[in-house]
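Engineer: Take this structure first; my questions come after.
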Amino acid sequence: MKDTQEFFERNPAPSPEFLKTPFPMAPKEEDGGEIACCGPPAGPRSGANEKPGYLVWPFVEEFVQTPAGDTPRVRTRLSLLDRFLAAGARLGIARNSHKVAPGLYTLGLPGPESPVLVTANYKLSFDAVRSSMEGRSAWLLVVDTRGINVWCAAGKGSFSADEVTRQVVRTRLDLAVSHRTLILPQLSAPGVAARKVRRATGFTVQWGPIRAGDLPRYLDQGNKADPAMRQVSFTLGERVVLLPVEISMVLKPVALVILAGFLVSGIGHGGYSLAAAWHRGWVFATGILLAILAGAAVTPLALPRLPFTAFSAKGAVVGAVMGATYALYVSGGWMAGWALVLLMAAFSSYLAMNFTGATPFTSGSGVEKEMRRAIPFQTLAVLGGAVAWIAGGFV
Amino acid sequence: MKDFRYLSGVASLRVDEEKCVGCGDCLEVCPHGVLKVEKGKATAVDHDACMECGACAKNCPAGAISLTPGVGCAAYIIQTWLKGRGGVSCC
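Protein sequences, first through last, are from chains A and B. Per this note's numbering, the first sequence starts with residue 3, numbered consecutively. Per this note's numbering, the second sequence starts with residue 529, numbered consecutively.
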């Protein structure tokens, strides 16, 4: 109370004369009250669903009243902002912040008979579903997978029967629809036991297609998937989009390797030479960057065309070929040449082996077996390469 | 997907024919068409295509399918070697 009194003492109310003078920028009655003095005309009044502290996503077209409460109706066409954010996610920028709020959304104007599609709250998953549903009406139930995509969330256990149940109950989905069916993405099945969802909610799970793009056909066929919709694919396009993240994840450790390369490159005949460190260091750094390209880009892209089944072997072949070509090109002596071949083969082999984690067909048991065989060779090649590179300074 | 085959004879997928009730739920969730129901029992007709995602085991009402689910990711596996399976959540 004392604070309030002080406030009014310090800020006396404006005099009645002052209040009568019109605000100079206010629309004047003689102009019809329409004219804004400067800038573009003001937008409409804030909607009832704009709340302090919240930002309404631009993909929300409007809020519609449904038996389950006010529900955001989302656009089915992706905007420039959506594409910009998607590019960021693909490049590995703020990878863990591409989330949408879990809960119930609508696509088009669904009624009590409309299907309920379920997806993860990773924005790219959410975008994939809504953009495939142009001109259709459905309910979209977004599960709190902690901002992780469907497949990875199912593997980690955050796309689970419990999480699906939580959203079904929380959103009062039972009020919105008269049927009792949920369409879940097939790739959530590693995390979701369908029978547990039915027991907990009364909703029966139907497994939708793997790819959101197949949803219209799946729905048109009366919720029936073709065999092709049930099988994962790994096309060139699906591999290309994975590369930036693969590369961005290794940049930090690689920077350390390159730094070490510059340091040891100065060792030679007459003790330590800064000129040699600079000159040979660049040859080394370029070689390592080429090895990243070999293991994290060329190998994934050419995957089905490369010899061998083991990824480490595929990567070693690409790394060794690129290493040999590069060594001949820079012609820094035979010892340094061998060093480049060994180091580039080893790095490329490791990165290719790590790419198994991004593919939809390698089993954990298989990767573990491959690693037990490959890591000793990779280690030997790195050690041999490092020794040869330092020795190259003396030859 | 026929262009992509990984190491053969390693997948840990096992179907217990005694327990299997032949419902076929596992066929529907498998992303590689590994399983078929033959004579009322699920069998792995393309065992080497199994990537151990665990969808079939999770959705088997009879608990007839066992496997070691895991991500085929090198960084993760190295961590499990160092810290044991319980100590690592992801890579």
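We put the beta carbon where it would ideally sit given N, CA and C, even for glycine.
Out of A/C40, A/G110 and A/G90, which one is the CA nearest neighbour of A/V62?
Structural biologist: Out of A/C40, A/G110 and A/G90, A/G110 has the C-alpha closest to the C-alpha of A/V62.
Engineer: Let me check understanding here. Comparing Cα to Cα, which of A/N225, A/A354 and A/D84 lies closest to A/L245?
Structural biologist: The candidate whose alpha carbon is nearest that of A/L245 is A/A354.
Engineer: On the DSSP bridge list, what partners appear for A/Y107?
Structural biologist: Paired residue(s): A/L142.
Engineer: Can you give me the C-alpha to C-alpha distance between A/E115 and A/N225, rounded to a whole angstrom?
Structural biologist: Approximately 14 Å between the Cα atoms of the pair.
Engineer: Please state whether DSSP places A/K101 in a helix, a strand or coil.
Structural biologist: DSSP places A/K101 in strand when its eight states are reduced to three.
Engineer: Using the DSSP secondary-structure output, state which residues sit across from B/I593 in a beta bridge.
Structural biologist: Answer is B/V543.
Engineer: Comparing C-alpha positions only, which one of A/G395, A/P362 and A/M373 sits nearest to B/E580?
Structural biologist: It is A/P362.
Engineer: Would you mind working out which of A/L217, A/D222 and A/S162 sits nearest A/K198, comparing C-alpha positions?
Structural biologist: Minimum Cα distance to A/K198 is reached at A/S162.
Engineer: Along the chain, where does the alpha helix (DSSP H) containing A/V152 start, and where does it finish?
Structural biologist: Residues V152 to K158.
Engineer: Near A/R77, what residues of its chain come up, given a Cβ to Cβ distance below 6 Å and the 5 sequence neighbours on each side ignored?
Structural biologist: So the qualifying residues of the chain are F61 and E63.
Engineer: Do you know whose CA, among A/V247, A/P54, A/L106 and A/E240, lies nearest A/V179's CA?
Structural biologist: If we check each option's Cα against that of A/V179, A/L106 comes out closest.
Engineer: So, does the region 152 to 166 of chain A touch the region 187 to 201 of chain A, judging by three or more C-beta pairs under 8 Å?
Structural biologist: Yes: the two stretches touch, three or more of their Cβ pairs being nearer than 8 Å.
Engineer: For the region 217 to 232 of chain A, enumerate the residues whose C-beta is nearer than 9 Å to any C-beta of chain B, in chain order.
Structural biologist: Answer set for the region 217 to 232 of chain A: A227, P229 and R232.
Engineer: For A/F349, does the three-state DSSP call read helix, strand or coil?
Structural biologist: Three-state result, A/F349: helix.
Engineer: Against chain A, does B/D576 count as a neighbour if the rule is that its beta carbon must be under 7 Å from one of theirs?
Structural biologist: No, because no Cβ of chain A sits closer than 7 Å to the Cβ of B/D576.
Engineer: How about B/A580: is its C-beta nearer than 7 Å to some C-beta of chain A?
Structural biologist: The question names Ala, but residue 580 of chain B in the sequence shown is Glu. It does: the Cβ of B/E580 has a partner Cβ on chain A nearer than 7 Å.
Engineer: Report the rounded CA-to-CA distance for A/A230 versus B/W609, giving the unit in angstroms.
Structural biologist: Those two C-alpha atoms are separated by around 37 Å.
Engineer: Identify whether B/D576 lies in helix, strand or coil by the three-state DSSP scheme.
Structural biologist: Three-state DSSP puts B/D576 in a helix.
Engineer: Check whether the Cβ atoms of A/V118 and A/L186 lie closer than 7 Å to each other.
Structural biologist: Result no, Cβ atoms of A/V118 and A/L186 do not sit closer than 7 Å.
Engineer: Check B/C619 in the structure and name its three-state DSSP category.
Structural biologist: Here the model assigns B/C619 a pLDDT of 44, short of 50, so the residue's position is not dependable, and the following value carries that caveat. Coil.
Engineer: So B/G561 contacts chain A; which residues on that side make the cut at Cβ distance below 8 Å?
Structural biologist: Chain A residues near B/G561: P229, R232 and Q233.
Engineer: Find out if the Cβ-Cβ distance for the pair A/R75, A/T108 is shorter than 7 Å.
Structural biologist: Against a cut-off of 7 Å, the Cβ pair of A/T108 and A/R75 comes out as a contact.
Engineer: Whose Cβ in chain A lies nearer than 9 Å to the Cβ of B/S594?
Structural biologist: Ordered by position in chain A, no residue passes the 9 Å Cβ test against B/S594, which lies about 13 Å from the chain.
Engineer: Apart from the five residues just before and just after A/F396, which ones in its own chain have a Cβ nearer than 7 Å to its Cβ?
Structural biologist: Hits under 7 Å: G270 and H271.
Engineer: Would B/E556 pass as an interface residue toward chain A - the criterion being a Cβ-Cβ separation below 7 Å?
Structural biologist: Interface residue, yes.
Engineer: Tell me whether A/Y220 is buried or exposed, calling it buried when 16 or more other Cβ atoms sit within 10 Å of its Cβ.
Structural biologist: Flag for A/Y220 reads buried.
Engineer: Please compile the residues from chain A whose C-beta is within a distance smaller than 7 Å of the C-beta of B/D531.
Structural biologist: Chain A residues near B/D531: P306.
Engineer: Do you know offhand how far B/E545's Cα is from B/A592's?
Structural biologist: Taking the straight line from one Cα to the other gives about 7 Å.
Engineer: Kindly indicate which three-state DSSP category B/K567 falls into: helix, strand or coil?
Structural biologist: B/K567 falls in the coil class under three-state DSSP.
Engineer: Would you report the Cα separation of A/S134 and A/V389, rounded to the nearest angstrom?
Structural biologist: Looking at the two C-alpha atoms, the distance is approximately 55 Å.
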